Ligand code: NAD
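In the working numbering, the protein residues as written are 112 to 566.
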């Protein structure tokens, strides 16, 4: 493994990746190859997850193209050194922040948005001037094979190296035999912990984009129809296999029945009465996930859906009421088309349920009250979220996307991606014509002056 990685380090050390023109050319080349393979990407994502071309464009291919275009528009400005103010103590020095590439970075992707979640960080890493090792998820094999083709066609393996294979085998092999300058990992909290431990042994910095249970609160004053429509849309998109999908609903008891009715109505509007034949409804990735998911169906009362067919990896959009509160349904991330619905009477009661699974990746609240909105934002620790919406915050390139604590560390997208893959090098430049005595020993008798200068 090491023999593949050392030439990448040499390539980085040669400084080739640093100039703006080089980075720009690579991003343009990546965009071109992706667009050349657009139809093949649709086919691969259909084979792995039965995504429609429309869904593929918004959440995978188009998402990455938009990231490249935005980066190309701003890269020159981002790369410039920033001039910042200098404090009185350092007068008449000047201060700058240089943006440096980190070196050779490892990017590890998951299977649920197998293209977007490997390629979006790649865009940031290349823009920042790094060399990259890409490790796709083996669980979405059609997309992984096509990405390999795209990467090999676009880049020299000394610049971007594509390492397919079982994560549990190839990732430790790479991380233990070579010192990466950064590891950017997207996936489960459980594996994220292992990555963090491996990285810590060599003091390698990490970005961890993890999962968790993202709550969705619907207050008594919410616009119930709009809430139901937006929740149904994002919860059942990609069959709920989305890191920021609403994991469970906390609904004010006074509106629960009405919300359940509206949710059922929208699910049928979106995916018809027979989602199995709907072009907009995907499939569970594999039998392992299917079997994990269907055992949740016994952890509450099915009020809508519940049909499933393992031969087609199909689980109908399902609403569960009267949930068993101490079951794994409320401690493990659902990551599928099953939505537990819990009612609450008071803010404190709902907050207590959320705090059973601290630091969710996302949080959503539907309410007309700005006081309630503020109360929820202030009192729950989470990565990011929406008011009167769900999941769409991650599609705004101007917002940093990432978790905190159990749901991860670090954030990316747009300029934040460039920053995550850059070292911000602080430089203080001091002229030689001015060198006051006060800065040098002996210091005796200078305390009052120091107190005036440094306050
Ligand atoms: P996963 O942790 O099983 O796999 C992710 C990656 O880690 C894959 O490339 C896999 O090959 C590798 N891997 C697996 N076992 C490993 C091991 N023992 N050592 C090293 N590497 C290993 O995650 P997944 O099942 O692909 O993805 C689902 C999870 O990812 C969910 O929890 C979801 O919430 C989370 N997720 C988070 C985000 C985010 O942006 N925060 C996005 C998508 C998914």
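Beta carbons: idealized from backbone N, C-alpha and C, even for Gly. All of these numbers come straight from a predicted model, not from anything done at the bench.
Burial state of residue i (16 or more Cβ within 10 Å)
i: residue 336; result: exposed
i: residue 488; result: exposed
i: residue 467; result: exposed
i: residue 545; result: exposed
i: residue 134; result: buried
i: residue 338; result: buried
i: residue 386; result: buried
i: residue 132; result: exposed
i: residue 155; result: buried
i: residue 538; result: exposed
Beta-carbon proximity list for residue i, same chain, < 7 Å, skipping 5 on both sides
i: residue 122; result: 242, 269 and 270
i: residue 389; result: 382 and 383
Three-state secondary structure assigned by DSSP to residue i
i: residue 524; result: coil
i: residue 530; result: helix
i: residue 366; result: helix
i: residue 131; result: helix
i: residue 482; result: helix
i: residue 205; result: strand
i: residue 354; result: coil
i: residue 508; result: coil
i: residue 396; result: coil
i: residue 224; result: coil
i: residue 115; result: helix
i: residue 268; result: coil
i: residue 552; result: coil
Distance cut-off 8 Å: residue i Cβ against heavy atoms of ligand 1
i: residue 353; result: yes
i: residue 518; result: yes
i: residue 350; result: no
i: residue 386; result: no
i: residue 253; result: no
i: residue 90; result: One cannot answer for residue 90 here, as it falls past the ends of the chain, which runs 112 to 566.
i: residue 295; result: no
i: residue 246; result: yes
i: residue 499; result: no
i: residue 301; result: yes
i: residue 221; result: yes
i: residue 413; result: no
i: residue 131; result: no
i: residue 446; result: yes
i: residue 471; result: no
i: residue 307; result: no
i: residue 320; result: yes
i: residue 511; result: no
i: residue 359; result: no
i: residue 279; result: yes
i: residue 257; result: no
i: residue 323; result: yes
For residue i: DSSP bridge partner residues
i: residue 473; result: 495
i: residue 179; result: Answer is none; residue 179 lacks a bridge partner.
i: residue 537; result: 208
i: residue 419; result: 426
i: residue 413; result: 431
i: residue 297; result: 320
Cut-off 8 Å between Cβ atoms - residues of its own chain near residue i, not counting five sequence neighbours on either side
i: residue 216; result: 236, 241, 242, 243, 244, 291, 292, 293, 294, 295 and 532
Same chain only: Cβ atoms within 6 Å of residue i, ignoring 5 sequence neighbours per side
i: residue 516; result: 470
i: residue 251; result: 159, 222 and 225
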